[in-house]
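In what follows, a structure is listed as structure tokens, so that the remarks can point back to it.
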Amino acid sequence: MSDQMDASVFFIGNATTIIRCNGFTVLTDPNFLHRGQRAHLGWGITTKRRTEPAMDVYELPPLDVVVLSHMHGDHWDRVARRGLDKNVPIVTTHHAAGRLKRQGFRNALGLETWDEHRIQRGDRTLTITAMPARHAPGLAQMLMPPCMGSMLDFARQGEMDLRLHISGDTIMDPCLSEIPQRFPDIDAGIVHLGGTKIVGLLVTMDGWQGADWIQLIKPASVLPVHYDDYEAFSSGIDDFQQQVNRARLSHLVHYIGRGETYHLPIRRPGTHPQPPPGPH
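Residue 173 in the UniProt record's numbering sits at position 173 of the sequence shown; the count goes up by one each step and never skips.
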């Protein structure tokens, strides 16, 4: 299989991945702080990193686009701000795009929920659509930066090759229910977990909600991320695995370690993709 016909996710750490498909290279939620450094979460709150990223920012390949779910220090940090090319396109929320432009990232683009941004390369297209997300319950949402999930549709000659959904930092909420209605047949989902707690409030999915998310979104395969990198996380991967097993969803989930690559299913005309072998 040629590089352009391959699809993969390389896990750097936290919610930071490199997604490749049809010759496109996408970086998600760039977080390159090292173990022991602190990420800023706003309102004077910080959290210490427990892990090392699998690569440094200067080791990144050339990028077509960065997809940023929201403006928190464990998704966009000072290392990314210094190290990324100021010309790289960044697709994110309006709130984050405004801040990024003030930092010199002139090609930051803010999307409203359900808005899309399309990148064309010859007969290949990447369409990024902003998905709903809710980063805290009730009125506490007002204290958090606006957040989005993302749908990445990779197509060639007008035919879909891969539909990949990234949850973003969200909790389970009725606003998510429209996602599978608008976007059926999701080939793969990257789910942000961790049960992150800020001032005692759950602001990302724990293991229980992660299993519920799979049942709602119905991706053909699932990659969990964002679960053990920071002290603010209260729900580890074991919690998620237990809930997935309880719900009999374990056949859908593929666990990928930092520094590992997972190969995703490419659609064939008239077929629905089957989950591929695991990471190697």
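Backbone N, C-alpha and C fix where the C-beta goes; we use that ideal spot for every residue, glycine too.
Note that the structure is predicted; figures quoted are calculated from it, not measured.
Between R268 and the rest of its own chain, which residues show a CB-CB distance below 6 angstroms, the 5 nearest in sequence each way excluded?
Hits under 6 angstroms: none found.
Drop a sphere of 10 angstroms on the beta-carbon of L216, count the other beta-carbons inside from all chains shown, and report buried for 16 or more, exposed for fewer.
Exposed is the call here.
Tell me where the alpha helix (DSSP H) around K101 begins and ends.
That run of the alpha helix (DSSP H) goes H94 to R102.
Exposed or buried, what is H251 when buried is set at 16 or more other beta-carbons lying within 10 Å of its beta-carbon?
Exposed, since its Cβ has fewer than 16 Cβ neighbours within 10 Å.
DSSP three-state label for G189, please.
Residue state, collapsed to three classes: strand.
How big is the Cα-Cα spacing for P276 and H254?
Interpretation of P276 is limited by its pLDDT of 42, a score under 50 that renders its predicted location unreliable; no figure is taken from the coordinates.
If you reduce the DSSP assignment to three classes, tell me which class F240 lands in.
Correct three-state label for F240: helix.
With a CB to CB cut of under 6 angstroms and the five nearest residues on each side skipped, what residues in its chain are close to R20?
Once the five neighbours on either side are set aside, the close Cβ partners of R20 are S8.
At the level of alpha carbons, what is the spacing between L33 and E52?
Near 8 angstroms, if we compare the C-alpha coordinates of E52 and L33.
Applying the criterion that 16 or more other CB atoms from any shown protein chain within 10 Å of the CB defines a buried residue, is V199 buried or exposed?
Flag for V199 reads exposed.
To the nearest angstrom, how far is it from the Cα of P30 to the Cα of A15?
Each residue's alpha carbon lies about 8 angstroms from the other.
What would DSSP say about N224, mapped onto helix, strand or coil?
Checking the sequence, you will find Pro at residue 224 rather than Asn. Looking at P224 - three-state DSSP - the assignment turns out to be strand.
Measuring straight from C-alpha to C-alpha, what distance separates L249 and T113?
Answer to the nearest angstrom: the Cα atoms are 28 angstroms apart.
Mind pulling the beta strand (DSSP E) runs of 3 or more residues that sit fully within the segment 29 to 106?
Counting whole runs of 3 or more residues, the segment 29 to 106 contains the beta strand (DSSP E) stretches 38 to 42, 45 to 48, 65 to 67 and 90 to 92.
Whose CA, out of D56, H117, V88 and A54, lies closest to the CA of T129?
That would be H117, whose Cα lies nearest to the Cα of T129.
Kindly provide the ranges of any alpha helix (DSSP H) runs that are 4 or more residues long and lie completely inside the segment 197 to 221, ordered along the chain.
You should have 207 to 217.
Looking only at its own chain, which residues have a Cβ that is under 6 angstroms from the Cβ of H280, when we skip the five neighbours before and after it?
For H280, the predicted model reports a pLDDT of 38, less than 50, meaning its position is unreliable; a value from the coordinates is still stated below. None.
By the three-class DSSP mapping on this structure, what secondary structure does I266 have?
I266: coil per DSSP, three-state reduction.
Buried or exposed: which applies to S167, given that a residue is buried once 16 or more other Cβ atoms fall within 10 Å of its Cβ?
Looking at its Cβ environment, which holds 16 or more other Cβ atoms inside 10 Å, S167 is buried.
Take the Cβ of P224 as the centre, count every other Cβ of all protein chains shown within 10 Å, and call the residue buried at 16 or more, exposed below.
Buried.
DSSP on R182, reduced to helix/strand/coil?
DSSP places R182 in helix when its eight states are reduced to three.
Out of curiosity, what's the CA-to-CA distance linking W208 and G122?
One C-alpha to the other measures close to 43 angstroms.
May I ask you to list the residues that DSSP assigns as paired with M160?
According to DSSP, which records beta bridges pairwise, M160 is partnered with A155.
Please determine if the segment 152 to 162 and the segment 170 to 177 are in contact, where contact requires at least 3 C-beta pairs separated by less than 8 angstroms.
Contact between the segment 152 to 162 and the segment 170 to 177 is absent, because fewer than three Cβ pairs lie under 8 angstroms.
For P219, count the other beta carbons within 10 Å of its own beta carbon; 16 or more makes it buried, fewer makes it exposed. Which is it?
The residue in question, P219, is buried, as its Cβ has 16 or more Cβ neighbours within 10 Å.
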